[in-house]
Structures are given as C-alpha cells and as structure tokens.
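Structure first, commentary second.
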Amino acid sequence: MVQYMQIVKYFLDAKTFQKVKFVYPKDNDSVELMRSYFDDENLPTEFGGRAILKYDHEEFSKLMTEDDAKAASFWGFDKKLQQAVNGHHGADGAPSPVS
Numbered sequence: 000m001v002q003y004m005q006i007v008k009y010f011l012d013a014k015t016f017q018k019v020k021f022v023y024p025k026d027n028d029s030v031e032l033m034r035s036y037f038d039d040e041n042l043p044t045e046f047g048g049r050a051i052l053k054y055d056h057e058e059f060s061k062l063m064t065e066d067d068a069k070a071a072s073f074w075g076f077d078k079k080l081q082q083a084v085n086g087h088h089g090a091d092g093a094p095s096p097v098s
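Just so we're aligned, residue 0 is where the sequence shown starts under numbering that gives the first Met the number 0, counting upward by one.
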C-alpha cells in the first residue's frame, strides 16, 4: 500500500497528493472511508454496499470510441484528421516485412 503512494507522490503537486486516498476492499479503514462518501446503493459490494458492478470490455471500448469521436468533433479534430488522411500526410504504405 505504501509503495503505491510513494510512486504517485512524484507525479502530483504536494497539495494535491495530500488529498489522494487509496482504498482497498479488505481494509476496514478503506471501507469506512468509502461508506462516508457513497450511499449504500451506489457503493460496490466489495466496500459493503449494494451496487453490483459488471465490467464488459467490449461495451466499455464502444462507449470510449463514441466519446473520442464526440470530443474530436467538438474540438474540430475530426476535420483535421480527414484532411491528413485525404491529403496523404504521413506514411503512404506499410513497410515491407523483413524475413
């Protein structure tokens, strides 16, 4: 547990690091901390709540791809990408395999 905190410490501002809390399902202090921030119906069962979370990688990937497309459209990157592809920016083909 301490090793993760030491690693993360180097990537965060000192003030921000003081706000970071790592939580672990089998640690009573972690469970109590999570229960203080979340209602039982939204808290995963691993932390003593009633929420049963199901992770589907295919569904998650689909949602992230849709979100990426929305963000690119919002910032105008979708048009720049089309120009780069249509304008032949970048490599014209794949390199030949080396045998």
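Quick reminder that beta carbons are idealized off the backbone N, C-alpha and C, glycines included. Please read all numbers here as calculations on a predicted model, not as lab measurements.
{"query": "Option nearest valine 22 by Cα separation, candidates Leu42, Ala70, Lys61 and Asp55", "result": "Leu42"}
{"query": "CB of glycine 47 within 9 angstroms of CB of valine 19, strictly", "result": "no"}
{"query": "First through last residue of the alpha helix (DSSP H) which encompasses alanine 50", "result": "Premise fails: alanine 50 is in no alpha helix (DSSP H) and is neither H nor E."}
{"query": "Identity of the residues DSSP links to proline 43 by a beta bridge", "result": "Ala50"}
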